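**Q** Protein chains in written order, with full-length UniProt numbering: chain A, 1 to 205; chain B, 1 to 205; chain C, 1 to 205; chain D, 1 to 205.
Starting off with a structure, shown below.
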DNA sequence: GATGAATGAGATTTCATTCAT
DNA sequence: AATGAATGAAATCTCATTCAT
């Protein structure tokens with residue numbers, strides 16, 4: 001018979017708390033979410049949250065951000081240093097953008113919380129995100145420079161070029177996070193390809 | 001001596017309520033702002049908000065969004081049909097981006113509320129904003145097409161070109177609204193010019 | 001031109017206040033009626049009530065009870081000492097019950113207030129009403145005794161007989177005041193006649 | 001020692017809330033009773049009422065009426081079909097009136113609320129009460145008819161006779177509920193007997 | 001005579017948190 | 001490990017009343 005150990009049971013409850021809190025904070029905001037909404041959704045008593053997170057609502061918010069964010073970053077890092085060097089340029093750009101998409105949209109709730117509650121709580125995660133993005137821009141710029149050396153694209157300000165590519169994509173991404181659609185929402189990958197093709201046409205040597 | 005009529009005094013109070021509510025909602029979020037914080041800031045009694053907005057917190061939120069947004073739109077419309085046709089391309093683009101900046105950043109508080117509380121309240125204003133932006137993209141695309149006919153820029157997908165320009169700029173704008181800086185924040189106009197120059201260099205015939 | 005003097009205007013406003021307050025207190029109860037409900041219904045400003053009744057809500061309640069009650073009593077007294085002596089018994093009883101009905105139902109709002117708020121305010125009017133009713137019972141008892149002497153009805157405990165008659169009628173009256181119908185509500189005068197006939201049939205010598 | 005389980009304790013608190021609310025609503029009216037008055041009287045915190053009645057004041061009002069009324073009706077139903085058939089007429093009538101008295105006066109607070117707040121809340125209970133009373137009249141009429149057949153009372157309109165008896169008694173009852181005494185209030189049972197004797201004297205064959 | 005802006009006490013209600021069981 | 005009864009501070013809202021105009 002499937003016996004669940006006490007420890008497993010405990011971890012399961014803790015995880016359900018974090019998951020549910022994340023959903024609700026993303027949907028209704030931190031201040032708009034009563035602790036009860038969380039505990040009721042996992043069918044437990046009022047006090048359970050304080051058992052796992054003695055610091056209460058604030059603590060579960062902090063923990064979920066930290067854990068979710070770390071988890072995201074770990075995922076990204078695994079994907080990150082793959083060999084795009086040897087891919088054809090178009091494919092390489094698609095891979096890069098695909099990873100960015102994953103970074104932002106694979107945990108949409110996390111991003112929503114980060115965006116919404118950032119200036120309320122002055123979240124370190126938001127700052128880390130900013131840093132990550134700047135680094136990414138630079139690394140893409142470097143990548144483009146190498147491709148230029150290979151004669152695949154023209155000479156230009158590669159940092160701006162990197163920003164240009166990312167910006168167009170981020171526009172798309174923001175829509176999903178913030179809920180304000182500023183870009184037509186057709187098939188996502190189709191749009192990505194069209195965008196890359198357009199950009200490459202401008203970068204031709 | 002500056003005599004203020006009773007009616008003027010009343011309007012002033014109402015306006016102060018709206019203004020203060022906007023500030024606080026933008027800063028601490030709707031749920032994070034007690035009604036008291038508003039009335040105390042304008043040095044009035046607890047009940048005054050309900051005198052002007054019988055529907056309470058909800059109503060003042062709705063009214064301030066509606067009035068601020070309408071005011072924004074009115075301002076934009078006035079600026080809108082100016083003669084960019086006859087300006088040099090670079091200047092014309094700078095004017096266009098300048099207007100977009102005004103649309104989003106002249107009332108930063110309004111934008112913050114729109115972005116933050118959109119999925120909480122399903123705000124019509126957010127939807128209108130989306131529509132406005134899509135229309136703007138199309139009108140810029142048309143403008144670029146006309147410039148292409150004049151031989152000033154190369155042939156390309158003008159809708160994408162318009163999006164490309166706007167996206168880069170919006171990236172900048174988002175940073176200010178959401179508080180997550182994904183782009184270095186140097187002098188704003190300098191960045192705008194750099195960006196336009198970079199873009200134009202890619203659009204050369 | 002129909003000029004209304006200032007005094008008439010003032011009296012009119014005062015009367016409208018009293019009338020409206022009576023309606024609303026009867027309908028929604030004293031505590032359930034905001035002062036604003038009164039002033040708004042007569043299309044005047046918030047403060048007007050305090051102009052005519054400096055004691056505020058309490059005073060208008062006291063005044064309206066006093067004036068309405070006195071008015072009622074004055075009306076009743078006029079009707080009261082008519083010559084029922086010479087009427088046929090049946091007609092005399094109908095006249096008596098008719099008067100009682102007027103006493104209670106001609107100003108239904110007043111009665112509602114008296115019944116509803118009596119133990120909240122320990123109203124003197126309620127007590128006077130009790131006294132009036134007891135006196136009435138005795139005077140009817142006397143009347144019946146005289147009719148017995150004339151041989152029109154049998155000997156019996158006339159006080160109880162008077163109560164019996166009144167009770168049946170009051171049952172009817174209570175229904176209207178309290179809003180709990182305990183008696184079928186056909187045509188009122190028809191019911192009154194039926195009731196009298198039934199009673200007389202029991203009183204036959 | 002008398003150990004009280006947690007559940008019992010909870011039920012006790014809930015019951016105390018209902019009981020106290022009933023007392024206070026009857027005494028000071030629904031609108032005249034602050035929620036605090038209830039919680040303070042049972043020596044509990046402000047929030048406790050909302051723990052048991054999430055709908056607040058309105059809900060506790062609704063629940064207490066429903067539960068009290070159902071309880072009353074259940075009690076009445078138990079008493080109802082006893083063997084009055086075989087009692088002497090006078091005793092039978094006294095039993096009947098005694099039950100009516102119990103119906104109305106055993107839970108005086110409930111009746112006060114029903115009478116006072118009926119038109120404020122359009123209470124179903126008040127309507128049920130009306131229906132119950134009408135049925136009662138008919139069942140007494142039937143009873144009287146059977147006694148007539150046995151030759152114990154004269155022929156007459158039995159429905160009216162039943163109403164007559166009840167009315168006299170209800171007069172008495174109303175006084176207690178509404179607080180306006182329209183009938184001398186001596187010893188209750190003495191009055192009841194006198195009344196029955198008087199009525200029977202008129203009903204003699 | 002009349003207004004309605006303003007007040008502030010107090011009413012209703014919510015909710016994070018504690019703790020005995 | 002879990003519960004949910006209980007708390008009380010704080011939030012939202014109502015309303016009788018005042019008073020400058």
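For glycine and all other residues, C-beta sits at the position ideal for the given N, C-alpha and C.
Please read these numbers as outputs of a predicted model, since none were measured by experiment.
Could you tell me which of D/39, D/16, D/71 and D/179 sits nearest to residue 120 of chain C, measuring between CA atoms?
**A** Ranking D/39, D/16, D/71 and D/179 by Cα distance to residue 120 of chain C puts D/179 first.
**Q** Here's the rule: buried if 16 or more other CB atoms are within 10 angstroms of the residue's CB, otherwise exposed. What is residue 140 of chain B?
**A** buried
**Q** Who are the near neighbours of residue 161 of chain A in its chain, counting only those whose CB is closer than 6 Å to its CB and skipping five residues on each side?
**A** 144
**Q** Rounded to whole angstroms, what is the Cα-Cα separation between residue 196 of chain B and residue 50 of chain A?
**A** 54 Å
**Q** Within the same chain, show all residues whose beta-carbon is closer than 8 Å to that of residue 35 of chain A, passing over the 5 residues directly before and after it, in chain order.
**A** Correct list, in chain order: 46, 49, 56 and 57.
**Q** Could you tell me the alpha carbon to alpha carbon distance between residue 18 of chain B and residue 60 of chain B, rounded to whole angstroms?
**A** 7 Å
**Q** Which term fits residue 154 of chain C, buried or exposed, when burial requires 16 or more other beta carbons within 10 angstroms of its beta carbon?
**A** exposed
**Q** Run through chain B and tell me which residues come within less than 9 Å of residue 118 of chain A, C-beta to C-beta.
**A** 178, 179 and 180
**Q** Within the same chain, show all residues whose beta-carbon is closer than 6 Å to that of residue 25 of chain B, passing over the 5 residues directly before and after it, in chain order.
**A** 33 and 113
**Q** Straight-line CA distance for residue 122 of chain C to residue 116 of chain C?
**A** One C-alpha to the other measures close to 11 Å.
**Q** Do residue 90 of chain D and residue 166 of chain D have their C-beta atoms closer together than 8 Å?
**A** No. Outside cutoff.
**Q** Please identify the residue among A/87, A/88 and A/104 whose C-alpha is closest to the C-alpha of residue 71 of chain A.
**A** A/104
**Q** Could you give the C-beta distance for residue 68 of chain D and residue 108 of chain D, rounded to a whole number, given that I count them as a contact under 8 Å?
**A** In fact, because the Cβ distance is near 11 Å, the residues do not count as touching under 8 Å.
**Q** Using the beta-carbon count (16 or more within 10 Å), is residue 188 of chain A buried or exposed?
**A** exposed
**Q** Got a sec? Which residues, its chain only, sit under 6 Å from residue 101 of chain A by beta carbon, not counting five neighbours each side?
**A** none
**Q** Answer yes or no: does any C-beta atom of chain A fall closer than 8 Å to that of residue 43 of chain B?
**A** no
**Q** In angstroms, rounded to a whole number, what distance separates the CA positions of residue 94 of chain A and residue 142 of chain B?
**A** 29 Å
**Q** Checking contacts by CB at 8 Å: is residue 167 of chain B closer than that to chain A?
**A** yes
**Q** Which residue's Cα is closest to the Cα of residue 152 of chain B: B/13, B/16 and B/202?
**A** That would be B/202, whose Cα lies nearest to the Cα of residue 152 of chain B.
**Q** Check the Cβ of residue 163 of chain C against every Cβ in chain D and list those closer than 8 Å, keeping chain order.
**A** 168, 171 and 183
**Q** Please report the residue range of the alpha helix (DSSP H) in which residue 89 of chain B lies.
**A** 89–105
**Q** For a cutoff of 8 Å on Cβ pairs, would you count residue 31 of chain B as touching chain A?
**A** yes
**Q** For the alpha helix (DSSP H) containing residue 214 of chain D, list its first residue and its last residue.
**A** Nothing can be reported for residue 214 of chain D, as the shown portion of chain D is limited to 1 through 205.
**Q** DSSP state of residue 42 of chain D, grouped into three classes?
**A** coil
**Q** Alpha helix (DSSP H) containing residue 197 of chain D: first to last residue?
**A** 188–203
**Q** Counting only C-beta atoms, is residue 1 of chain B closer than 8 Å to chain A at any point?
**A** At residue 1 of chain B, the pLDDT of 38 sits below 50, so the modelled position is not reliable; the number obtained from the coordinates is stated separately. Taking Cβ atoms only, chain A never reaches closer than 8 Å to residue 1 of chain B, which makes this a no.
**Q** What residue range is occupied by the uninterrupted alpha helix (DSSP H) comprising residue 23 of chain B?
**A** 6–28
**Q** Put residue 84 of chain A into one of helix, strand or coil per three-state DSSP.
**A** coil
**Q** Which ranges does the alpha helix (DSSP H) cover as unbroken runs of at least 4 residues, wholly within the stretch 116–201 of chain C, from first to last along the chain?
**A** 124–149 and 158–178
**Q** Is it buried or exposed for residue 190 of chain A, if we count other Cβ within 10 angstroms and need 16 for buried?
**A** With fewer than 16 other Cβ atoms within 10 Å, it is exposed.
**Q** Please go through the same chain and pick out, in chain order, the residues whose beta-carbon is closer than 8 Å to the beta-carbon of residue 16 of chain C, but skip the five residues on each side of it.
**A** Listed in chain order, the non-local C-beta contacts of residue 16 of chain C below 8 Å within the same chain comprise 42, local neighbours out to five positions each way being set aside.
**Q** With distances taken between CB atoms, is the gap from residue 64 of chain D to residue 125 of chain D smaller than 8 Å?
**A** For the pair residue 64 of chain D and residue 125 of chain D, the CB atoms are not nearer than the 8 Å cut-off.
**Q** Quick check: what's the CA-CA separation for residue 164 of chain D versus residue 106 of chain D?
**A** 23 Å
**Q** Tell me whether the beta-carbon of residue 130 of chain A lies closer than 8 Å to the beta-carbon of residue 168 of chain B.
**A** no
**Q** With a threshold of 6 Å on Cβ separation, who are the neighbours of residue 159 of chain D within its own chain once the five nearest residues in sequence on each side are excluded?
**A** 141
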